[in-house]
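Below is one structure; the comments refer to it alone.
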Amino acid sequence: MLAFLLIVGLSFYVMASYIGSMVSDSLFQQRIRSDRASLETLAVRIAPLLARSDAPALQSQLLAAGGEMGGRVLLLDQNGKVQLDSYGEMQGVRLEYPEIATILVRGQSADYGVHELEKGETLDTAHLLFARRTTGSWVGYCTAGVVYASDIIGVLLLVSPVQEIMQNLYQLQDQMILIFVLVAAAALLSSWIFSQVITRPIAGLNRGIQRMSKGDFSSRVRVRGSGEMKQLARAFNSMSEKLETLDQSRNQFVSNASHELKTPLATMKIMIESLIYQPDMDKDLRTEFMTDINNEIDRLSAIVSDLLTLVQMDSQNVKLSRENLSIAQLIKDNAHRLQPIAEQKGQKILLTLSDPCDIYADKSKLNQVIYNLMENAVKYTQNGGVIRVALQRQGRDARFTVSDNGPGIPKENLPHIFDRFYRVDKARSREKGGTGLGLSIVHQLVLLHGGAISVESEEGKGATFIVELPLHQG
Ligand SMILES: Nc1ncnc2c1ncn2[C@@H]1O[C@H](COP(=O)(O)OP(=O)(O)OP(=O)(O)O)[C@@H](O)[C@H]1O
Ligand SMILES: [Mg+2]
C-alpha cells in the first residue's frame, strides 16, 4: 500500500513540475517581456544623458518612466551604486542583486528575477508551484544595461510588484493540493476495490486449504472473482467434496468392519463362557456349542479374507494374472459347484449359454464374480425357485446375466447394493452367513476387467444381475 502511494506521489510530482514550468511561463513571461522592453528602450534613451552626467534630465526621465511602468526605477553606475532613484531614497547605496551582477559581470543586456521584499528571498520561476507561501510582498527585479560607445556605463533597475501573479500562483497551489488529495483518494479506493476482487477470493481459498490440511474436509469456499478464480474455487470445492465422501466412507468402512468382527466374537465368548462355567454340560449340547463356535470362526475368517481382497483391490496395484478363458466353461463349473445346495432347496439352475465367449482374464477373479452372483441367487431365492443364467455375445462384449424368481430387492435399496457391508435384510442375511461384502467385491472385480455391472429388480418378482465384460479381441 505504501509503495502504491509512493508511486502515485512520485508521478504526481513529475506532473506538477511539468505543469509548474508551463504555468510560470504563461504567468511571468508576458510580464518579463513587457518590463524588459520598456526598460531597454529607457536605457537607450538615457545612455547619452548618463554619458554626459545630465542629472536633472536623468531624474525627470526616471520619474516619468517609473510612473509609466507602475514601479520604482533606479539607475546604478558600473559599480552597482545607486545614482538615481525615482523614489529619491537610495542614492549612494550599493546593491548586490544577482540580476545586476548578470549585467555588470557577465555582460548580458537584461535580466529578470522575483524576490520577496522583507526576507530577501528569491523565487525560482521554474519551481513556482512549490513556492513557499509568505505573507510578504513579492516584487520583480528587471535590469537592463545602459550602453554607450560599446561600454556598459550603468544599469537600470525596475522594481515592480508581482503580488497579483503570486496570488494566482497560490490559487493554483490550492487546486493542485486538492487534485492530489482527490487522486490519492481515488488510488486508494481503486486499490481497495482491486484487492476485494483479486485478493479476497485467494485469501478465502487459502483459509479453505488450511482448514482442509487440518483434516476438516467439510470446508467449502465461495465461488466468486474473475473467471479463473471461479474455476479454481469450483475445483477446490469438488476436490474437498470428494475427499469428504472418501473420508466418510472410510470411517463407515472401519466401523462396519469392526461391527462385523465384533458380532461373531461376542457370540463365541458367550458360548465359551457357558462351556467354562458349566463343566457338567450335556455332551450333545457341548458338541452343538463347539460346532457353533467352529462356524463362527469360519465366518470370521471369511470376513477377514473378504476384507483383505477388498483392501488389495483398493490399493490400485492389483495384478491380474490373465489367461485365455471361456466364460461359458466357468459358468458350467460354478453351476456344478452350487448344484448340491440348489438341489437341497429344490431349486433349478437353468443355463442358456449361446456363445462360449472367449476372454483374456484372471481366472480366479472371474470365478469369484460368477460364483458370488450365482450363490446370492441360490441363497436368497426361496425353496423350489428357478435360477436362470444366460451368456451371449453382444458386439465386442460378453453379456452374462443371473436372474432368479426370489424376493427381489426393494427400489430404495438398489442404489446401495454394491456398497460394502450393505445388506437388504440385515438379520436374515446374516442368518444365511452373509457379510454384505460379496457384491462390492464383484463390482470391483468387474471394473478391474474393464467391464460394467448393473441390477434390475422388482420387489417380490426376483432380481437380475447383468455383467458386461470386454471380449478377447483377435
Ligand atoms: N439375488 C438376490 N435376490 C435378493 N436379494 C439379493 C440378491 N443378491 C443380493 N441380495 C441382497 O443384497 C445384499 C448384499 O449381497 P452381498 O452378496 O453383497 O452380501 P451377502 O450375500 O449378504 O454376503 P456375502 O456375499 O459377503 O456372503 C444381500 O444381503 C441381499 O440382501
Ligand atoms: Mg453374497
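Using the numbering used here, the first residue of the sequence shown is number 24, and each one after it goes up by one. Ideal placement from N, C-alpha and C gives every residue a C-beta, glycine not left out.
Extent of the continuous alpha helix (DSSP H) run through residue i
i    : result
D356 : I350 to Q367
E251 : G250 to Y300
P121 : P121 to L127
I464 : G461 to L471
beta-carbon residue i near ligand 2 non-hydrogen atom, thresh 7 Å
i    : result
G457 : yes
G461 : yes
N395 : yes
Distance between beta carbons of residue j and residue i, contact taken as under 8 Å
i    : j    : result
A358 : I372 : 5 Å
L343 : K285 : About 34 Å; that fails the 8 Å criterion.
V128 : G115 : The Cβ separation is near 21 Å, so there is no contact.
N191 : L50  : 6 Å
I176 : Q101 : 7 Å
G485 : G418 : About 27 Å separates the two Cβ atoms, so there is no contact after all.
E122 : Y164 : 5 Å
L201 : A133 : Contact doesn't hold; Cβ gap of about 38 Å is too wide.
H495 : N390 : Between N390 and H495 the Cβ distance is about 17 Å, and since that is not below 8 Å, they are no contact.
L414 : L376 : 5 Å
I440 : L462 : 6 Å
Y135 : R59  : 7 Å
L181 : G94  : 5 Å
S426 : R416 : Not confirmed; about 19 Å, so no contact.
Distance cut-off 7 Å: residue i Cβ against heavy atoms of ligand 1
i    : result
A486 : yes
A400 : yes
G407 : no
V447 : yes
D329 : yes
G418 : no
G429 : yes
I476 : no
I432 : yes
I364 : no
I440 : yes
L300 : Residue identity differs from the one stated: residue 300 is Tyr in this sequence, not Leu. Flag unset: Cβ of Y300 not near ligand 1.
First and last residue of the uninterrupted beta strand (DSSP E) at residue i
i    : result
I175 : D174 to P184
P79  : Counting along the chain, P79 falls outside any beta strand (DSSP E), though it belongs to the alpha helix (DSSP H) covering A78 to M92.
H138 : A133 to E139
L374 : K371 to L376
D108 : V105 to D108
E479 : A475 to S480
Q417 : V409 to Q417
Coarse secondary structure for residue i, derived from DSSP in three states
i    : result
G163 : strand
N318 : helix
I503 : With the chain running from 24 to 497 in the structure shown, residue 503 is simply not present.
I382 : strand
Y171 : strand
R387 : A small correction: the amino acid at residue 387 is Ser; Arg does not occupy that position in the sequence shown. Here S387 sits in helix by DSSP.
F488 : strand
T424 : strand
Q101 : coil
E187 : helix
E346 : strand
V116 : coil
R95  : strand
Residue i: CB within 7 Å of a non-hydrogen atom of ligand 3
i    : result
Y383 : With respect to ligand 3, the structure shown offers nothing to examine, as its ligands consist of ligand 1 and ligand 2.
Below-8 Å beta-carbon distance, residue i vs any chain B residue
i    : result
V170 : Any reference to chain B falls outside this structure, which holds one protein chain only.
My parser needs the alpha helix (DSSP H) runs of 4 or more residues fully inside the segment 185-238; what are they? 186-236
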